[in-house]
Amino acid sequence: MVTAANVDATRAGAGRVSVLDQTSYYQATAHAAPDCPRLDGNADADVCIIGGGFTGLSAALELAKKGFSVQVLEAGPIAWGASGRNGGHICTGFSKGLGAFEKALGKTAARVAFEVAEQAKTLIVERIAAYNIDCDLTWGYLTAAPRPSHMADLAAERDELEAYGYDKTTLLARAELEARLATRVYHGALHDSGAGHFHTLNYALGLARAVIAEGGSIAAHTRVLKVEPGNRVKIVTATGTVTAAQTIVACNGYLGNLIPRLDAKVMAVASYVIATAPLGAERAKGLIGDNAAVGDANFVTDYFRLTADTRVLFGGRCSYSGIDPSDLAAGMRPRLLRIFPQLADVAIDYAWGGHIGITYNRLPDVGRIGTNIYYAQGYSGQGVALAGMFGKLMAEAIAGDAGRFDVFTRIRHAPFPGGPLRRPALTIGMLYYRLRDLLA
Ligand SMILES: Cc1cc2nc3c(=O)[nH]c(=O)nc-3n(C[C@H](O)[C@H](O)[C@H](O)COP(=O)(O)OP(=O)(O)OC[C@H]3O[C@@H](n4cnc5c(N)ncnc54)[C@H](O)[C@@H]3O)c2cc1C
Numbered sequence: 001m002v003t004a005a006n007v008d009a010t011r012a013g014a015g016r017v018s019v020l021d022q023t024s025y026y027q028a029t030a031h032a033a034p035d036c037p038r039l040d041g042n043a044d045a046d047v048c049i050i051g052g053g054f055t056g057l058s059a060a061l062e063l064a065k066k067g068f069s070v071q072v073l074e075a076g077p078i079a080w081g082a083s084g085r086n087g088g089h090i091c092t093g094f095s096k097g098l099g100a101f102e103k104a105l106g107k108t109a110a111r112v113a114f115e116v117a118e119q120a121k122t123l124i125v126e127r128i129a130a131y132n133i134d135c136d137l138t139w140g141y142l143t144a145a146p147r148p149s150h151m152a153d154l155a156a157e158r159d160e161l162e163a164y165g166y167d168k169t170t171l172l173a174r175a176e177l178e179a180r181l182a183t184r185v186y187h188g189a190l191h192d193s194g195a196g197h198f199h200t201l202n203y204a205l206g207l208a209r210a211v212i213a214e215g216g217s218i219a220a221h222t223r224v225l226k227v228e229p230g231n232r233v234k235i236v237t238a239t240g241t242v243t244a245a246q247t248i249v250a251c252n253g254y255l256g257n258l259i260p261r262l263d264a265k266v267m268a269v270a271s272y273v274i275a276t277a278p279l280g281a282e283r284a285k286g287l288i289g290d291n292a293a294v295g296d297a298n299f300v301t302d303y304f305r306l307t308a309d310t311r312v313l314f315g316g317r318c319s320y321s322g323i324d325p326s327d328l329a330a331g332m333r334p335r336l337l338r339i340f341p342q343l344a345d346v347a348i349d350y351a352w353g354g355h356i357g358i359t360y361n362r363l364p365d366v367g368r369i370g371t372n373i374y375y376a377q378g379y380s381g382q383g384v385a386l387a388g389m390f391g392k393l394m395a396e397a398i399a400g401d402a403g404r405f406d407v408f409t410r411i412r413h414a415p416f417p418g419g420p421l422r423r424p425a426l427t428i429g430m431l432y433y434r435l436r437d438l439l440a
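So in my numbering, the last spot in the sequence shown is 440, and the numbers never skip.
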């Protein structure tokens, strides 16, 4: 159950413990974190990376492998942001689909984008194998249709993917879906055998160990307070300074006002997750027969899956207003029971949340500030695989091959409305989409 006892006040820092920072299933079942002492004093590096999530750790790993000296600075524990607390769904493609890339950049660039997204998944598999990362990787993904009209959307998605040569999807009619998934709420689904799920924090901790094994350095609990651009960038923290030839900003939905021009283009949206008590193998199998991850086709998505220890890990309910619900587990439970009423007797053991970084057009925002500060952010709810890949693309660019990175820097991003109108404007926009989900 979620009680005061599993609210991790020390990690959340001083003051009120945010509902987002209640102990997660991932933290409770995490492998030991590598030792990443706080920065103490001044250091030099070829590349300083701000943010220890998938984007930052992946860039660090690639750069360390190429022989760069790398210093990662992370404000909290490793993967304290979205990478350590998400739904664990490894998705195909981009949240907005490939049509958005065709429109923004043309067909050739959209093909590069598709290949990058495919490699994002392969990269996970390769790293798990290369660094022996134990993180419960499982394949199979269902995009379920809450409305009959979604079936046409899913068929269109399958056709779009097939046009790019992707042949791992199958459209399932209602009866076929119900043979795999013990709920009556969906009208069918698109099954994707090339997408899946994993224990996100254990994967991130494995990446951190890999960075250190390849000679990189990670300082946790080291918040960057200031970035001073220049020939060599000066990155200032409360306990020391790093001077680096190149810098990567990988803070995404946790950036805050560190670099206002980046913050203007990414909005931090809260998403919430609960994990039930273990169901036992038989009951779990009866719920999601082939152990696929499931996300629905609504704009504001419910997403769920089984964990290796037979819990249901269920997420959804975004807060665009910045207001957290006072009792997260109680607030989320009815959403879970609407899909699986047969779980009414099952306790909720964990409830937590995190910040998703979204952009106005839902396409990733990547680029450079000057010549030596790189950034990638705003995967818009689909960054579990993509973040690692964009970290790799930044490492490629720093090492002298910016070809793939610069395909994405061409995307134009509008800033969210600033000042006091920033959140209200998004909230109103999201109410429209929720209404659309209900009426479609
Ligand atoms: C609840 C939730 C569920 C999600 N589910 C899915 C899913 O199922 N599938 C999917 O594809 N995507 C999902 N996402 C999105 C996905 O997790 C992210 O896109 C991805 O993890 C982003 O990785 P990142 O490294 O760019 O950012 P993060 O993992 O957020 O890392 C940013 C890091 O920067 C650090 N930081 C910030 N400011 C500073 C500073 N000043 N100094 C030092 N460090 C700093 C933060 O502490 C943080 O650790 C979900 C996100 C959330 C929150």
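Even for Gly, the Cβ is constructed at its ideal location relative to N, Cα and C.
So the candidates are the options; which of them puts its Cα closest to the Cα of residue i?
i      : options                        : result
Leu255 : Asp406, Gly357, Leu123         : Gly357
Tyr131 : Leu207, Pro341, Lys265, Thr239 : Leu207
Thr138 : Ala173, Ile50, Thr200          : Thr200
Thr448 : Ser69, Ala210, Asp302, Gly230  : In the structure as shown, the chain starts at 1 and stops at 440, and residue 448 therefore has no counterpart that could be examined.
Ala179 : Arg209, Ala292, Asp136         : Ala292
Leu441 : Leu205, Ser24, His187          : Past the boundaries of the shown model lies residue 441; the chain is included only from 1 to 440, so the question cannot be answered.
Gly140 : Asp35, Asp192, Gly316          : Asp192
Phe390 : Gly53, Val47, Ala43            : Gly53
Ala214 : Gly81, Leu105, Arg127          : Sequence check: residue 214 is Glu here, not Ala. Of the listed residues, the one whose Cα sits closest to Glu214 is Arg127.
Thr243 : Ile49, Cys36, Ser24            : Ile49
Asp44  : Glu282, Thr247, Ser380, Val211 : Thr247
Tyr25  : Gly216, Ala308, Val116         : Ala308
Ile369 : Pro341, Ile259, Asp153         : Ile259
Val185 : Thr222, Asn202, Lys65, Thr143  : Thr143
Thr409 : Phe416, Met394, Gly400         : Met394
Thr222 : Gly378, Asn252, Pro37          : Pro37
Ala32  : Gly286, Leu205, Glu282         : Leu205
Lys285 : Met332, Ala182, Lys103         : Ala182
Ile411 : Gln382, Ile398, Arg362, Gly51  : Arg362
Ala399 : Ala64, Gly41, Gly51, Gln27     : Ala64
Gly196 : Leu343, His89, Gln27           : His89
Can you have a look at residue i and say buried or exposed, based on whether 16 or more other CB atoms are within 10 angstroms of its CB?
i      : result
Ser271 : buried
Lys107 : exposed
Pro364 : buried
Leu225 : exposed
Asn298 : buried
Val312 : buried
Thr122 : exposed
Lys392 : buried
Val407 : buried
Gly353 : buried
Leu20  : buried
Gln377 : buried
Ala210 : buried
So for residue i, helix, strand or coil by DSSP?
i      : result
Ser193 : strand
His150 : helix
Gly140 : strand
Arg305 : strand
Glu228 : strand
Ala33  : coil
Ser489 : No statement about residue 489 is possible, as the shown extent of the chain runs from 1 to 440 and does not include it.
Asn42  : strand
Leu258 : coil
Ile128 : helix
Gly93  : coil
Ala402 : coil
Gly53  : coil
Lys234 : strand
Thr222 : coil
Gly215 : coil
Gly240 : strand
Ile288 : strand
Name, in chain order, the residues that DSSP records as bridge partners for residue i.
i      : result
Tyr375 : Val249, Gly367
Val47  : Val70, Gln246
Val269 : Ile356
Asp21  : Paired residues: none, contrary to the question.
Asp296 : Ala144
Lys65  : DSSP, once it has assigned bridges, lists no residue as partnering Lys65.
Ala173 : Gly188
Leu313 : Ala275, Arg305
Thr409 : Answer is none; Thr409 lacks a bridge partner.
Ala351 : Ile274
When the cut-off is 9 Å and only beta carbons count, does residue i lie next to chain C?
i      : result
Ile218 : Of the protein chains in this structure there is only one, and it is not chain C.
Okay, do the region 260-279 and the region 151-168 touch, 3+ Cβ pairs below 8 Å being the bar? no
Using 8 Å as the Cβ pair cut-off and three pairs as the minimum, do the region 67-81 and the region 144-156 touch? no
Evaluate contact between the region 52-62 and the region 234-245, counting only Cβ atoms and requiring at least three cross-stretch pairs below 8 Å. no
Touch check for the region 274-287 and the region 343-355: three-plus C-beta pairs under 8 Å? yes
Assess, as a yes-or-no matter, whether the region 82-96 is touched by the region 376-387 under the definition of 3 or more beta carbon pairs within less than 8 Å. yes
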